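Data block below; observations after.
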Amino acid sequence: MSTNDLYQDRRIILAPMAGVSDDAFREICLSFGAQLTYTEMVSAKALSYGNVKTRDLLALAPSEDKVAVQIFGHEPDTMANEAYELEQAMGDAIFSIDINMGCPARKIAGKGDGSALMRDPVLAAKIVSAVENKVAAPVTVKMRRGFEMGHETAPELAHIVEGSGAAAVAVHGRFAQQFYQGDACWDTIARVKERVSIPVVGNGDITSGARAKAMLEQTGCDAIMVGRGAEGNPWIFTDIKAVLEGSEVPTAPSASERIDIALKHARMLADQYDDNIVKMRKHAMWYLRGLRGATKARRAINDAVTYDDFARIFQEVLELQDQPEASKVEENR
Ligand SMILES: Cc1cc2nc3c(=O)[nH]c(=O)nc-3n(C[C@H](O)[C@H](O)[C@H](O)COP(=O)(O)O)c2cc1C
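Just so you know, the sequence shown maps onto residues 1430 to 1762 in the working numbering.
This is the structure in C-alpha cells:
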C-alpha cells in the first residue's frame, strides 16, 4: 500500500487519549463509526522493563482489527527495539507505530519525551528513522503546532520526519505551551499539508460532523481525528460519517440511548476490571452531561465503584427524564 492510501478506508479517527481511550471506549466508538483508533500512549522505556500494566494498555478491543499503537520516549534505540517487540507480539493488528511528539504534560515533556521532541528535530528525525528501520508497519508521528507559544514548527518538523521515513503525520493545531487553551489553528494543518506529500491527519476542536467536514475542506487534510468531542459522545462518529457521506444526519441520542451506552461501557469495564470501575466515573459524567439531574448525580458518581453503583445512578437520572418538561435532552453535539 502506498503511504498516500494509508487512510483510504479509515478517515474518521478516534484520537489517543491517555486515561480515556482504553479498549472499552474504543469498542464503543468503533460501533458508532470510528474507522481507526489509537491505543493510549505507552512508554517505550516501561515496555523495555517488561512493565505488565503498560502491556495492558495495548489490549485490543473485540472488534478492533487494527490499532495504531502510540509510543513515547526519546531514546531512538529503545523506541526502535520496543516497536519491534510490539510488532512481534501484535503482528497484523498494528495499523501503525505512532510516535508521540505532542504531549505537553510536564512529567512527559520535562523528560525530553512527547512535545519536547518538537524542540529537537534532529533527535525527532533519528527516532523516526530508527523505528522505521526496525518495523514493517508504517511509522507515523503525532505532533502539535510547535512547542513555544507563537513559534510554529509543525510544517518544518513534518517535512523532516517525512524525510526520515514517516508514513503520515497527525497535527493538533495548538502549541504545547498552550496545553488545551484557545482555539486550535487549522491553518497550521493546511501549511503542513502544503509542506509534505505524506498524508496529514487534522486534529483539534472537531465537535460535530459539520466541523469534521470543515476541517477536511479548509485544510485539505486526508483524515480527521476526534478527541474530546467523543467523550461521552460516541454518536459524533455517526454524525461525521453521515455528513461526509452526504446522508441524513441522525438526530441527537435520547436520554435512554445515552444511558444504554453508558451501561454497556460500564459492563465492559466491570468484566475487565473485576467490577472495580473507578475509571468509569469520568465517562459517566460525560454521558450524563446536559441531562436533568446530572449535576446532582455527580456527587454519587464520585463515590461509585461497581457496575451496580453506576447502574443505580443512571436509573435515577433516567427516571427524572420521564417528567414531561424534563424530557428534552440538552444538545451537546
Ligand atoms: C485526556 C486526554 C488525554 C490525551 N492523551 C493523549 C495521548 O496519550 N497521546 C496523544 O498523542 N495525545 C493525547 N491527547 C491529545 C489528543 O489526542 C488530541 O490531540 C487533543 O485532545 C486535541 O483534539 P480535540 O480537540 O479533538 O480534543 C490527549 C488529550 C486529552 C484531552
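The beta carbon of each residue, even a glycine, is placed where N, CA and C say it ideally should be. Quick caveat: nothing in here was measured; it's all calculated off a predicted structure.
Worksheet entry | Span of the alpha helix (DSSP H), counted from its first residue to its last, around glycine 1836 | Since the first residue of the chain shown is 1430 and the last is 1762, residue 1836 is not available in this structure.
Fill in: Within 7 Å, strictly: CB atoms of cysteine 1532 and glycine 1539
Along the sequence shown, read from residue 1 onward, the residue named residue 1532 stands at position 103. Along the sequence shown, read from residue 1 onward, the residue named residue 1539 stands at position 110. Not in contact: cysteine 1532 and glycine 1539 (Cβ atoms no closer than 7 Å).
Worksheet item: Run through DSSP, which three-state label would arginine 1762 get?
Response: The residue you call residue 1762 lines up with position 333 of the sequence shown. Its pLDDT being 40, under 50, arginine 1762 is placed unreliably in this model, and the value from its coordinates should be taken loosely. In the displayed model, arginine 1762 falls within coil according to three-state DSSP, outside both helix and strand.
Discussion item. Taking 8 Å as the cut-off, does the region 1437-1455 touch the region 1507-1520 (at least 3 CB pairs, one atom from each stretch)?
Written reply: The region 1507-1520 makes no contact with the region 1437-1455; the number of CB pairs closer than 8 Å stays below 3.
Worksheet item: So, using beta-carbon positions, are glutamate 1469 and leucine 1443 closer together than 7 Å?
Response: As a first step, residue 1469 must be located in the sequence shown, where it is residue number 40. As a first step, residue 1443 must be located in the sequence shown, where it is residue number 14. No.
Worksheet entry | Rounded separation between glutamate 1577 and alanine 1605 - CA only | The count along the sequence shown starts at 1 and reaches residue 1577 at position 148. The count along the sequence shown starts at 1 and reaches residue 1605 at position 176. Straight across, the Cα-Cα distance linking glutamate 1577 with alanine 1605 is about 7 Å.
Discussion item. Quick check: threonine 1680 and phenylalanine 1461, are their CB atoms within less than 7 Å of each other?
Written reply: On the sequence shown, residue 1680 is found 251 positions in, with the first residue counted as 1. On the sequence shown, residue 1461 is found 32 positions in, with the first residue counted as 1. With contacts defined as CB atoms closer than 7 Å, threonine 1680 and phenylalanine 1461 fail to qualify as a contacting pair.
Item to complete: Would you identify the three-state DSSP class for serine 1626, choosing helix, strand or coil?
Response: Translated into the one-based positions of the sequence shown, residue 1626 becomes position 197. Look at serine 1626 here: in three-state DSSP terms it is coil, with no helix or strand label.
Practice prompt. Give the DSSP-derived three-state secondary structure of arginine 1440 in the structure shown.
Written response: Within the sequence shown, residue 1440 is the residue found at index 11, counting from 1. Per DSSP, reduced to three states, the secondary structure at arginine 1440 is coil, with no helix or strand assignment.
Item to complete: If I'm right that methionine 1508 touches valine 1560 with Cβ under 8 Å, what's the distance once you round it to whole angstroms?
Response: Here residue 1508 corresponds to residue number 79 of the sequence shown, with the count starting at 1. Here residue 1560 corresponds to residue number 131 of the sequence shown, with the count starting at 1. Going by Cβ atoms, the distance from methionine 1508 to valine 1560 rounds to 6 Å, so yes, they are a contact pair.
Worksheet entry | Spatial distance of asparagine 1555 from isoleucine 1669 (CA atoms) | The count along the sequence shown starts at 1 and reaches residue 1555 at position 126. The count along the sequence shown starts at 1 and reaches residue 1669 at position 240. For clarity, residue 1555 is lysine in the given sequence; the question names asparagine instead. CA-CA distance, lysine 1555 to isoleucine 1669, rounds to 36 Å.
Worksheet item: Would you call the region 1519-1528 and the region 1566-1585 touching, i.e. three or more CB-CB distances under 8 Å?
Response: Yes, they touch.
Discussion item. I want to check one thing, is the minimum distance from the CB of glutamate 1469 to the heavy atoms of ligand 1 below 6 Å?
Written reply: Residue mapping note: residue 1469 aligns to position 40 of the sequence shown, counting from 1. Yes - ligand 1 has a heavy atom lying nearer than 6 Å to the Cβ of glutamate 1469.
Worksheet item: So who's on the other strand from lysine 1571, going by DSSP bridges?
Response: Position 142 of the sequence shown, counted from the first residue, corresponds to residue 1571. The partner list for lysine 1571 (beta bridge, DSSP) reads Asn1529 and Ala1599.
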